[in-house]
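J.: If you count the sequence shown from 1, position 196 lands on 657 in the working numbering, and the numbers rise without skipping.
For every residue, glycine included, the Cβ atom is placed at its ideal position computed from N, Cα and C.
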Amino acid sequence: MSLLLCLFFSPALSLNNGLGRTPQMGWNSWNHFGCNINETVFQIAGQQLIETGLSKLGYIYVNIDDCWSLKSRDANGQIVPDPIKFPNGITGLASYLHNIGLKLGIYSDAGTETCQGYPGSLGHEVTDANSFASWNVDYLKYDNCYNENIPALKRYPPMRDALNATNREIFYSICNWGQENPWVWGNATGNSWRTTQDISDHWSSMMINFYMNSRYAKYAGPGGWNDPDMLEVGNGGMTFNEYVTHFSLWAMVKAPLIIGCDMGTISQSTLSILNNADIIALNQDPLGVQAECINGCDYANYISGAQANVFVVPLAGGDKAVSITNWGTYNMTYTFDLTKIGVTGQATIKDLWTKEVQTSNAIHVTGLQKHSVKVYRITSNSLDI
Ligand SMILES: *[C@@H]1O[C@H](CO)[C@@H](O)[C@H](O)[C@H]1NC(C)=O
Ligand SMILES: *[C@@H]1O[C@H](CO)[C@@H](O)[C@H](O)[C@H]1NC(C)=O
Ligand SMILES: *[C@@H]1O[C@H](CO)[C@@H](O)[C@H](O)[C@H]1NC(C)=O
Ligand SMILES: *[C@@H]1O[C@H](CO)[C@@H](O)[C@H](O)[C@H]1NC(C)=O
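1. For F840, which residues does DSSP report across the bridge?
2. Please write down, chain order preserved, every residue whose beta carbon lies under 7 Å from a heavy atom of ligand 2.
3. Quick check: the Cα distance between S556 and N549, rounded to an integer number of angstroms?
4. Could you give the DSSP three-state label for M724: helix, strand or coil?
5. State the Cα-Cα distance for the pair I764 and G789, rounded to the nearest angstrom.
6. Which residues have a Cβ closer than 5 Å to any heavy atom of ligand 4, listed in chain order?
7. Report, in whole angstroms, the separation of the C-beta atoms of S833 and N787, which I expect to be a contact under 8 Å.
8. Looking at E586 and A623, is the spacing between their C-beta atoms short of 7 Å?
9. Can you tell which of L829, K517, D599, Q751 has its C-alpha closest to the C-alpha of Y677?
10. Looking at C-beta atoms only, is the number of pairs between the stretch 715-725 and the stretch 690-705 that lie closer than 8 Å three or more?
11. Going by DSSP, name the residue or residues bridged to V773.
12. Secondary structure at N541, three-state DSSP: helix, strand or coil?
13. Taking Cβ to Cβ, would you say V554 is nearer than 7 Å to E500?
14. So, under 8 Å CB-CB, N524 and K615 are touching, yes? Tell me the CB distance rounded to an integer number of Å.
15. Return yes when the Cβ of I802 is within less than 7 Å of the Cβ of K781, no when it is not.
16. Below 7 Å between beta carbons: does that hold for Y863 and A769?
17. Buried or exposed: which applies to K532, given that a residue is buried once 16 or more other Cβ atoms fall within 10 Å of its Cβ?
18. According to DSSP, is K801 helix, strand or coil?
19. If I follow the unbroken alpha helix (DSSP H) through I734, where does it start and stop?
20. Taking the alpha carbon of C758 as the point to measure from, which residue in W711, V771, Y600 has its own alpha carbon closest?
21. Quick one: grab the DSSP three-state call for R655.
22. Taking S843 and Q807 to be in contact with their CB atoms under 8 Å, please state how far apart those CB atoms are, rounded to whole angstroms.
23. Quick check for students: name the residue ranges of the beta strand (DSSP E) that lie wholly in the stretch 545-582, counting only runs of 3 or more.
24. With H, G and I counted as helix, E and B as strand and the rest as coil, what does DSSP make of L748?
25. If you count every other CB in all the chains shown that lies within 10 Å of the CB of R838, and 16 or more means buried, which is it?
26. May I have the straight-line CA-CA distance separating L748 from A823, to the nearest angstrom?
27. Using 6 Å as the cut-off, classify the Cβ of N597 as near or not near the heavy atoms of ligand 1, replying yes or no.
28. Do the CB positions of F565 and D589 come within less than 7 Å of each other?
29. For G581 and D604, I'd like the C-alpha separation in whole angstroms.
30. Does the beta-carbon of P472 have 16 or more other beta-carbons within 10 angstroms, so that it is buried, or is it exposed?
31. If we count the other Cβ atoms within 10 Å of its Cβ and call it buried at 16 or more, is K517 buried or exposed?
This is how it looks when you write it as structure tokens:
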């Protein structure tokens, strides 16, 4: 293309910060602590990510949510970190986390106020992006309250551009609750975009968010991900099997894996879900494809649980992963023929929770209990695919 044509047809500004080549992993204060936060909460979360081994598995972002600042900007128009909650400032917390090998995230809002009534960044994008960068922040979650009904496309790109102008690599997590089709413009704007309302610590909330998010698989890929909201695993509102399902499905669909429980009191059983390296490997697979539904895909089936709900995803190197979910309340028996996903002949089938390995051309599931999932990694043994 000639220079002149380039000038006329130069692409719209798009995000190109090199981040989020796989979905982000870490911890965020909101689901457990809400507004009851302070520096100690984040120090403990960071220490625990290290001590439990979770950071080595990829959970590296420690993210502050709402309620970290004073209610008013200072005389220079800058947001001021609450000095009681953060006696060493955000900079002090960033140093603490960076020194132990982790990264720090912060929160703001593309409106006049945050959801809890703290200063929002609408109209202050440059000032606030500069503050975040000067505090050595690595991640921004950008919410949608008090947005004055201004279109998202007038509110989210300005913060993208302000973050870019700081020259600091800052992961940009768009949180506008699936309004105004963020899957369409999300990839040019941020590293992830919420596709749904907020999750709550209940089976039905998790199910609805998972279902809604699955409709936008084709928009996700390296650099930009659909976000059905953060994990509730370990917060107490679901059974162990339900949390295994929640975690497995988030991994399958390349959702961000942001832990939301109290890291200070995390149980061994919660840890045994969050630290499943085989499941995490599906989420962090470099091919970066979001799993898609191939059986029992209607919302009516999620409600009734009448049929097995099957998702499949291709992985780098030619393997595939399959999840079989029982949304119902009975013990499910189901057979899945691997030719349905183009695998002919015998394949090695690994159950990623029990670790059992078998060679077969079909998956037979018997007695899959209510609200439970099976996840398999399939390696074809035949040469013809
Ligand atoms: C800013 O955007 C430009 C152009 O897309 C890109 O090359 C650069 O890496 C970005 N910088 C940061 C810090 O995100
Ligand atoms: C920090 O917050 C935690 C969690 O809300 C609370 O238990 C603790 O007492 C607080 N610490 C200080 C020094 O305020
Ligand atoms: C997202 O945008 C990048 C360029 O920034 C592009 O390479 C990639 O294909 C896009 N992903 C999807 C799923 O459209
Ligand atoms: C389902 O199977 C489990 C064992 O896997 C058994 O304990 C339970 O009683 C069964 N429930 C029903 C409704 O058959």
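T.: Reading it off the structure:
1. Before going on, a small fix: residue 840 reads as Thr here, not Phe. T840 is bridged to T809.
2. F494, N497, I498, N499, T501, V502
3. 10 Å
4. helix
5. 8 Å
6. N792, G828
7. 5 Å
8. yes
9. Q751
10. yes
11. E753, V783
12. Residue 541 is actually Val in this sequence, not Asn. It is coil, neither helix nor strand.
13. A quick correction: the sequence has Leu, not Val, at residue 554. Yes. Within cutoff.
14. Between K615 and N524 the Cβ distance is about 26 Å, and since that is not below 8 Å, they are no contact.
15. yes
16. Any question about residue 863 goes unanswered here, given that the chain covers just 462 to 846.
17. exposed
18. helix
19. 729-735
20. V771
21. strand
22. 7 Å
23. 564-570
24. coil
25. buried
26. 25 Å
27. no
28. The sequence as given places Leu at residue 565; Phe does not occur at that position. No, Cβ-Cβ distance for L565 and D589 is not below 7 Å.
29. 9 Å
30. Residue confidence is low: P472 scores 41 on pLDDT, short of 50, so the model does not pin down where it sits. Its coordinate-derived value is still stated next. It counts as exposed.
31. exposed
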